[in-house]
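Student: Take a look at the following structure, please.
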Amino acid sequence: LLTDPKRIGEWLPGCAAVDGTSIKRGARLTAHFGQRTTEFEVVDLNPGRTFGWVEYGQRNGAKVFFRLDQAGEATSITIQIVWKPRSLLAWVRGRLFSKRNVERQVSKTLENLRRLLGV
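Residues in the sequence shown are numbered consecutively from 304, following my numbering.
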């Protein structure tokens, strides 16, 4: 589910679709967010355990990582979003607005994954 390009648009908030046929380190995927498209490069992949990408586009250099861990009969997921601002203005805007947006994005991602998994 996490690493199937055809299904990423089902759980990634705001993403309508992702173009790409396979996921492997170094693979480039094109993600469509309404009128905006961006490119993801897979930088971390350990199937069933970890998955991560760096974004090239509007949020150039932003990194998103997922880690799955067994927790008894369940699986816990850790989502880490790393963003380094490109300018002082970007840093100020990020400090003012990013926490709320990141929390909302992570919550929506988890909600979408739970819905798709029937949890």
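We put the CB at the ideal spot given by N, CA and C, even for glycine.
Can you say whether Val395 is buried or exposed, counting buried as having 16 or more other CB atoms within 10 angstroms of its CB?
Tutor: Exposed: under 16 other Cβ atoms inside 10 Å.
Student: Name the two residues that bound the continuous beta strand (DSSP E) containing Glu358.
Tutor: The continuous beta strand (DSSP E) containing Glu358 extends over residues Thr353 to Tyr359.
Student: If you reduce the DSSP assignment to three classes, tell me which class Glu376 lands in.
Tutor: coil
Student: Find out if the Cβ-Cβ distance for the pair Asn404, Trp314 is shorter than 8 Å.
Tutor: no
Student: Find the nearest neighbour of Leu332 within the set Val385, Glu358, Ala377 and Ile382, judged by alpha-carbon distance.
Tutor: Glu358
Student: Return yes when the C-beta of Leu332 is under 7 Å from any heavy atom of the ligand SAH, and no when it is not.
Tutor: Judged by which ligands are present, the structure shown has none, so any question about the ligand SAH falls away.
Student: Would you give the residue range spanned by the beta strand (DSSP E) that Arg310 belongs to?
Tutor: Run containing Arg310: none in the beta strand (DSSP E); it sits in the alpha helix (DSSP H), Pro308 to Trp314.
Student: Let me make sure I understand the geometry here. Which of Val321, Phe369 and Lys387 has the alpha-carbon closest to that of Thr353?
Tutor: Phe369
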